[in-house]
Amino acid sequence: MSVDPDPILEVEGLNKHFEVNSGIVNDLRTRFTGAEKDYVHAVDGVDFELYPGEAMGIAGESGCGKTTTAMTLAKLHQPTSGTIRFRGEDITDLEGAELTKFRQNVQMIFQDPFESLNPRMTVYDTLAEPLQIHDVPNKRARVARALEFAELQPAEQYLDSYPNELSGGERQRIAIARAIVLDPDFIIADEPVSMLDVSLRAGVLSLLERMTKEFGLSIVYISHDLSLLRHMCDRIAIMYMGRIVEIGTTEQIIDDPKHPYTQALINAVPVPDPTTGRERVELEGEVGDAVHVPSGCRFRNRCPEIIPPEELSIDQRTFRGAMSLRARVDRGFDAESYWERTGGDGRSEPEEFTEILREEFVLGEPSRENREVLEEAIDLLAEGQTERAGDLLRERFHSVCERVDPVAEERLDVADDRRVACHLYEPNEGERGVDEPTAGESAPADD
Amino acid sequence: MSQREGTRELFENLEGYDELDDVDSRRRAIRLWSETFSEQWEILKEDRLVVFGAVTITLFSLIAIFAPFLAPHPPTERMWDGGMIMQWENPLWYGGEGGYLLGTTAEGYDIFSQLIFGSRPALIVGLSAAVLCAGIGTIVALVAGYYGGRVDDILMRIVDVAYGLPLLPSVILLVAMLGPSFLNVILAVVLLQWRASARVIRSQVLSIRERPYVQAAKVTGASDWRIISRHIAPNILPLTFLYGAFAIATGILTEAGVSFIGLGDPSQVSWGTMLQTAHTYNAMYHQTWWWFIPPGICIALVVISGFLIGRGYEEVTNPALRGNN
Ligand code: SF4
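Chains as they are written, first to last, in my numbering: chain F, 5 to 451; chain Z, 5 to 329.
Structure below.
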């Protein structure tokens, strides 16, 4: 990997939260009503380091915070908290001349080649702009070399073109040429080929590969596409809801994923969604909302391996069914929609109502006691006693995954220097996660 | 640092000829804008109403420029002396004597000459209001949209207040306070009209600010000024022109309205003051329609032309509207 043992980039506890509904009117309203402001936890505690000459991939579904991470690394967003060190120097709060100096060393390649070039600037102006800003001499010759490196030859022919006269592939090559024209040490590439025609991708990817190899650049690739990252990266980090849940070498992550989310991502056959051009991972449950972050493990609502309490003997499917019923009830049970599904008039069909709920939530092969608890809770729901149903479910079905936030760290029973944030694996030196009460409910005293 | 060799090699042995850059970039900018405009003109000239508007405005501009040569008489020279007030000369094609194309006013001024000279204040107010409204609106929009936050909040609340004021009554009030002069009419129109362009262009700035090419410029270290002037402003300029075209029309209409109620510049003959004197002398009652119909038609023609051009240009700047007719 690298001769130089000092990381070029160190990220520690990086947070980026966005206020929901900002502005004077909302400020006044929240001040007046004393309501809490809501924040989107786009990036929420990210740690990693990048070594010189290394290519690292950050993967995850859309909305997991990977693009915000990229923008924060490029200093396009000011982090809410945490530190970023570049070559050992803290760059989190750089301003003015020092920030400009940092910018000379860090560049970014954007996803959409049709949007990342100013339509009113020629190729030459676009490429010469960084050189003007940093007062680098021999602009024309440098621009020509950068274009030729990006396989746009003869360079002279492109200098006077406007973006609308070029194809998507040519534009992305120009964006790459712009990124290298200043001779940076570190590049962030945000989905560099996802908007390109499939036939053009290989060419642009091999250009990126040549760029990192020949220039000895350190690069962070952001992508939802693991098969792409597998080819381009030395290491991969998997993000979920603003956190890195697993980070390790490419072989470790691809061939032997440990975190249940990573496993799901790798096993999922990507289903192309023609309407958005994105690919969604097929996982049960919804991606949580990043405003009200769940307590404990963020993946727990979708996790196929959520851990049942030790004293409870239960199979995984039954436990998941019970937990998702509990989650429904905790969020304020929407009984009406189930009553409507009975097809009866109002609440005339309680039999039908309980039947529907049982089918949906009593899964697997529950033991007699577990079945009894579940059915009793469903009966209580049919009687409209949501509170009591909730109490009953909470008492029996709970999990360490909802109480303790798993730390991304090396685990005793996982080999090598990979970090996994999951309770399934043995923590390094005692549990370092924070014990927190689950939201809106009293945590059971045991466990 | 062996790994850095590659880059060094690529940018080694460079020979610069930077001096050419400035000339070249100017040449490129001219080429881009001339291409843009000729492209837009290609679309615009397909629209007959736009052509009509453009021809009308050009015609009136020529008339305004060459007014002294076109008008048979100075506009404020009495055609006959002898204190006759409630009396006028009919047009020559209506049994009038003295060969006045549109007759004279009750004060003895040649109506045709007044009509020709009246185009000057109309167009001056229209054009200066257009330039100033679009210019101020654009600057406010750029500052508010780009910097956002408090600056944006404050500027947009001012726009909201400006929106709360009814145009004509406020102009009347302002002109009455500042005194009836030509400049004050322009000032009043501008004070009240920059709001529309400011609001719409700001929302455009907000969206351009988030475009990847602006982000890319930031990553390379571009200053705020560079981003505003080179990346954002050129991309909203078509909208500025659009609001300019609409402001011509409102400016002229407002000038006519203010003059009609007697708050126009007393030393200037405009279509609005012509209507006002016609009204004062009960031209309607005396059925001397050649006195008040022609200035009315002129106002309508110029105002409609401004709107037609604006509407046509709107279709060019907003392709979603194109192809409706
Ligand atoms: S901590 Fe629990 S819920 Fe989270 S991934 Fe691991 S097993 Fe699943």
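No residue lacks a Cβ here, since even glycine has one placed at the ideal position from N, Cα and C.
Among the options, nearest to residue i - alpha-carbon criterion
| i | options | result |
| --- | --- | --- |
| L63/Z | G316/Z, S211/Z, C302/Z and S38/Z | C302/Z |
| A206/F | G69/F, P123/F, A181/F and H235/F | H235/F |
| E406/F | A63/F, I382/F and A331/F | A331/F |
| R422/F | K143/F, E376/F, G347/F and I257/F | I257/F |
| A220/Z | I226/F, A183/F, T254/F and M245/F | A183/F |
| L13/F | I223/F, I242/F and S85/F | I223/F |
| E318/Z | D51/Z, R31/Z and F15/Z | D51/Z |
| R345/F | R149/F, E364/F and R107/F | E364/F |
| L305/Z | F41/Z, G261/Z, F56/Z and R35/Z | F56/Z |
| T126/F | M243/F, I178/F and T266/F | I178/F |
| V424/F | S198/F, R144/F, T266/F and V110/F | T266/F |
| L77/F | P158/F, E133/F, E40/F and I226/F | I226/F |
| P298/Z | L210/Z, W45/Z, R30/Z and Q118/Z | Q118/Z |
| D383/F | T358/F, N374/F, S66/F and W343/F | T358/F |
| C237/F | N271/F, I192/F and L269/F | I192/F |
| N239/Z | N122/F, R149/F, F52/F and N374/F | N122/F |
| V189/Z | P72/Z, P173/Z and G225/Z | P173/Z |
| E99/F | V15/F, H81/F and M112/F | H81/F |
| R400/F | E373/F, A412/F, M75/F and S198/F | E373/F |
| P78/Z | L187/Z, Q197/Z, Y113/Z and A58/Z | Y113/Z |
| L131/Z | E259/Z, F15/Z and R161/Z | E259/Z |
Neighbourhood of residue i by C-beta, 7 Å cutoff - its chain only, sequence neighbours within 5 removed
| i | result |
| --- | --- |
| A138/Z | S201, T244, Y247, G248 and A251 |
| G348/F | E356 |
| S120/F | F114 and A179 |
| V44/F | H21, F22, V24, A294 and V295 |
| V333/F | T390, A393, G394 and L397 |
| I176/Z | V262, I265 and L267 |
Contacting residues, own chain, Cβ-Cβ under 6 Å from residue i (five flanking each side not counted)
| i | result |
| --- | --- |
| T72/F | K20, A46 and V47 |
| L257/Z | V307 |
| S85/F | N19 |
| R210/F | At residue 210/F the sequence reads Ser, which differs from the Arg that was named. No residues qualify anywhere along the chain. |
| G368/F | D319, R321 and T322 |
| Q108/F | H138 and L186 |
| C307/F | P264 |
| F454/F | As shown, chain F starts at 5 and ends at 451. That puts residue 454/F outside it, with no answer to give. |
| R239/F | M60 and T253 |
| S403/F | I310 and I311 |
| Y163/Z | One point to set straight first is that residue 163/Z is Val, not Tyr, in the sequence displayed. Contacts found: R199, A202 and R203. |
For residue j and residue i, believed in contact at Cβ under 8 Å, the rounded distance
| i | j | result |
| --- | --- | --- |
| G266/Z | S274/Z | Contact doesn't hold; Cβ gap of about 12 Å is too wide. |
| G316/Z | L48/Z | 6 Å |
| T254/Z | S263/Z | With a Cβ gap of about 15 Å, T254/Z and S263/Z do not count as contacting. |
| F90/F | D194/F | That belief does not hold up - the Cβ atoms of F90/F and D194/F are roughly 18 Å apart, past 8 Å. |
| G149/Z | R206/Z | 4 Å |
| L178/Z | A192/Z | 4 Å |
| A133/Z | V194/Z | 6 Å |
| P264/F | E315/F | P264/F to E315/F, Cβ: 23 Å. No contact. |
| L361/F | P370/F | Going by Cβ atoms, the distance from L361/F to P370/F rounds to 14 Å, so no, they are not a contact pair. |
| W343/F | R335/F | That belief does not hold up - the Cβ atoms of W343/F and R335/F are roughly 18 Å apart, past 8 Å. |
| V54/Z | I231/Z | So it is not a contact: roughly 34 Å between Cβ atoms. |
| L212/F | P196/F | 6 Å |
| K143/F | L156/F | Not confirmed; about 17 Å, so no contact. |
Buried versus exposed call for residue i [16 or more other C-beta atoms within 10 Å across all chains shown]
| i | result |
| --- | --- |
| G252/F | buried |
| S356/Z | Residue 356/Z lies beyond the residue range present for chain Z, which begins at 5 and ends at 329; the question has no answer from this structure. |
| D228/Z | exposed |
| V320/Z | buried |
| E58/F | buried |
| G281/F | Note that G281/F has pLDDT 43, beneath the 50 cutoff, so the model's placement of it is unreliable and the number below is only indicative. Classification of G281/F: exposed, given that the 10 Å Cβ count is below 16. |
| P76/Z | exposed |
| L2/F | Past the edges of chain F, shown from 5 to 451, lies residue 2/F, and the structure says nothing about it. |
| S3/F | One cannot answer for residue 3/F here, as it falls past the ends of chain F, which runs 5 to 451. |
| V155/Z | exposed |
| S271/Z | exposed |
| G92/F | exposed |
| R31/Z | exposed |
Own chain, CB closer than 8 Å to residue i, minus 5 neighbours either side, in chain order
| i | result |
| --- | --- |
| L200/F | P117, G172, G173, Q176 and V208 |
| A237/Z | T142 and L146 |
| G220/F | P56 and G57 |
| M243/F | V50, I62, A63, G64, C68, G69, K70, T73 and V249 |
| K222/Z | I231 |
| G17/F | G49, V50, D51, S85, G86 and T87 |
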